[in-house]
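K.L.:
Please see the structure below; I have some questions.
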Amino acid sequence: MESSSTAMDDDPFLTIHRQMQTICTAGFNRMRDLWDEMFDTNLCLAYAERLPDHMTAFFEEVYQESNQRRERFVEEIAELRQEALDLQRLLGEQQQGLPAGIESRPLFDQRSALDASLEQMRQKLSQRHEIIDEYLLEMETLCEELSEEPQTLSKDPLPTERELVEFRSYLDHLIAEKMQRQEDIGNLRRETKKLMSCLEMIPITEEQERLLNARKFPPTRENMHGLRMLHEEIAAQYESLKQHIDDTRRKLERLWQCLETDPAIVKKFEKLTSYTQTTFDKLFAEHDRCETLRRENMKSFVERTRLEIVEWWDRCMKSEDERARFTTFHWQDYNEDMLKLHELELDSLKQFYGENEQIFQMVLQRQEMWDRMLALENKSNDPTRYNNRGGKLLEEEKERRRISCQLPKIEAKLLEVCRQYEEEHGRKFTVYGTPVQELIEQQWKQREESKHQISSARKKANGVLGVSTVGRTPNRVGDSMVKCSSIMSSNRSRLVTGG
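289 is the number that the UniProt record's numbering gives to position 289 of the sequence shown; each next residue is one higher, with no gaps.
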């Protein structure tokens, strides 16, 4: 009994219960003494009968308040568990382990343990959000400066580490693009100003002034496009100026040569090597002066131009019929129109040669190889060639094999470019009035006829006369071959010496 009484005394809840009983008894007695003094027995009893209701209402109120707190704990625990699931989904991590048997612990302890277990994941999420916010702010600033469309970086779902690395690379690309554009702006501005200085011009419009000199000049696509367009426009004007200067120089060189201008004057203008508006103005003035003198010496200019035309006729391998089409060549009425026609003919020849120089070079290369092949064949028909000691015969044989291998390739390539010329221009490419393919076929045919005639002559000589005629070629075929070969050789000489 004593041990049971001691255990009850150690129970704090029982102690509190006894205290409440004592307080309730003392309070009831105080109220009764007061009511007895104030009211009769019936009224005192009526008031006393209300006391249990008051006590029940008090305990109910305390109970409801505590129950509300319990429901709030349950709700908060559910929210924490949902937060844990969200954090695990966003971070791709598992929640830190909870204490064993937490489900059996009071709700308050469960809530506190859950809240503490999520703190590390919350910090990671906060750090990830800070990085995302920093990246988004940096991207917004760069895209605004570069007038680029921004990309997206979502917080839910949270980007993976790889996606963050890729987005960082994207930002680094924008930074590099910004730096490159800023460098391009500096270069374009410097180059444009330099070209404008050569053109001796200054910015005319407000837009040009802004593009070239504005301090606040963000590297947007619009600004870069405007600056590039201005640079291209000025560069085109500068190239046009250079072309005019070069053309004027070429015209002056010919005018000086025809007018036999004082070398001191020529040297003075040769010192004008820069491409500027001032240079052009001085050259143009000199050209105007020389043009005036040219008109006063028209016959001399026409005759010099005719010499050049003949030279370029040869270079372009024009036939006599083709040359005769330029009937003005033989006029004797020297005037400005006549000189202009000669200059147009000369320019046309130069242009034609320049556009087809590859074909002309291939024709000469093929003819040179052809001539060498015929020379070797003539040597092979010479009975005295075996008197030569040493390795010369072997060298000739090697060269003959090389030509027999290379000549068909060169001819095939030449015929192919001539075919392309015919497709582009609607006419055949001719050499001294004969289409290239026809010329090649004629030469091969003449070669076969020549070999046949040589063979026949040898048989006749051995059978009738007994005199060797090896190495001779009948005059008709030989003259045709020599004519073509000599013309080609003449052209090769002009090309090598610069015409």
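Beta carbons are placed, not taken as given, at the ideal position from N, Cα and C, and that holds for glycine. None of the values given here were measured: they were computed from a predicted structure.
#1: Would you mind listing the alpha helix (DSSP H) stretches within the region 344 to 408 that are 4+ residues and don't spill past its ends, in chain order?
#2: If Leu283 sits next to Leu272, beta carbons under 8 Å apart, how far is it from one beta carbon to the other, in whole angstroms?
#3: Between the Cα of Leu255 and the Cα atoms of His231, Glu233, Asp288, which residue gives the shortest distance?
#4: From the DSSP output, in three-state form, read off Pro219 for me.
#5: Are the C-beta atoms of Leu146 and some chain E residue less than 8 Å apart?
#6: Counting only runs of 4+ residues fully inside the region 434 to 460, write out the alpha helix (DSSP H) ranges in chain order.
#7: Kindly provide the ranges of any alpha helix (DSSP H) runs that are 4 or more residues long and lie completely inside the region 21 to 85, ordered along the chain.
#8: I'd like to know whether the C-beta atoms of Val436 and Leu415 end up nearer to each other than 8 Å.
#9: Quick one: measure Cβ to Cβ for Lys178 and Leu142, integer angstroms, because I've assumed they're closer than 8 Å.
#10: Whole angstroms are fine: how far does the CA of Ser240 sit from the CA of Ile202?
#11: In whole angstroms, give me the CA-to-CA distance for Tyr135 and Gln182.
#12: Quick one: give me the first and last residue of the alpha helix (DSSP H) that Pro263 is part of.
#13: Taking a contact to mean a Cβ-Cβ separation below 8 Å, would you say Met121 touches Leu158 in this structure?
#14: For Val431, list the residues DSSP reports as bridge partners.
#15: Suppose you measure from the CA of Leu339 to the CA of Phe301; what does that come to, to the nearest Å?
#16: Relative to the C-alpha of Arg401, which candidate in Ile454, Thr192, Gln19, Leu376 has its C-alpha closest?
#17: My output table needs one value for Thr276: the three-state DSSP class, helix, strand or coil.
#18: Measure the alpha-carbon distance for residue 528 versus Ala264 and round it to whole angstroms.
#19: Between which two residues does the alpha helix (DSSP H) holding Met121 run?
#20: Please classify Arg70 as buried or exposed, where buried requires at least 16 other C-beta atoms within 10 Å of its C-beta.
#21: Which residues bound the alpha helix (DSSP H) around Gly186?
#22: Using beta-carbon positions only, say whether Gln110 and Ile77 come within less than 8 Å of one another.
#23: Assess contact between the region 421 to 434 and the region 450 to 463, defined as three or more Cβ pairs (one per stretch) separated by less than 8 Å. Is contact present?
#24: Taking the alpha carbon of Gln257 as the reference point, which residue from Asn223, Asp247, Met229, Arg304 has its own alpha carbon closest?
#25: To the nearest whole angstrom, what separates the beta carbons of Leu230 and Glu286, a pair I think is in contact under 8 Å?
#26: For Trp331, which of helix, strand or coil comes out of DSSP?
#27: Please report the distance separating the alpha-carbon of Lys445 from that of Arg315.
#28: With Glu355 and Thr278 assumed to form a contact (beta carbons below 8 Å), what rounded beta-carbon distance in angstroms separates them?
#29: Once you ignore the five residues that flank Met20 on each side, which residues in its own chain have a CB closer than 8 Å to its CB?
#30: Distance check for Val74 and Gln64, CA to CA, integer angstroms please.
#31: Return the CA-CA distance between Asn29 and Phe13, expressed in angstroms with no decimal places.
#32: Assuming Arg366 and Ile410 make a contact with CB atoms under 8 Å, what is their CB distance in whole Å?
#33: By the DSSP assignment, the alpha helix (DSSP H) with Lys299 in it spans what residues?
#34: From this set, Ala57, Thr56, Arg32, Asp53, which residue's C-alpha is nearest Leu45's C-alpha?
#35: Mapping the DSSP letters down to three states, classify Asp288 as helix, strand or coil.
#36: Between the Cα of Leu118 and the Cα atoms of Glu149, Glu148, Leu85, which residue gives the shortest distance?
P.N.:
With the given structure in hand:
#1: 357 to 380
#2: 7 Å
#3: Asp288
#4: coil
#5: In the displayed structure, chain E is absent; only one protein chain is listed.
#6: 436 to 460
#7: none
#8: yes
#9: 6 Å
#10: 18 Å
#11: 22 Å
#12: 263 to 270
#13: no
#14: Thr434
#15: 7 Å
#16: Leu376
#17: coil
#18: With the chain covering only 1 through 499, there is no way to say anything about residue 528.
#19: 119 to 146
#20: exposed
#21: 161 to 198
#22: yes
#23: no
#24: Arg304
#25: Actually they do not touch by this definition, with Cβ atoms about 32 Å apart.
#26: coil
#27: 26 Å
#28: With 8 Å as the limit, Glu355 and Thr278 do not qualify as a contact, their Cβ atoms being about 35 Å apart.
#29: none
#30: 15 Å
#31: 24 Å
#32: 5 Å
#33: 298 to 315
#34: Arg32
#35: helix
#36: Leu85
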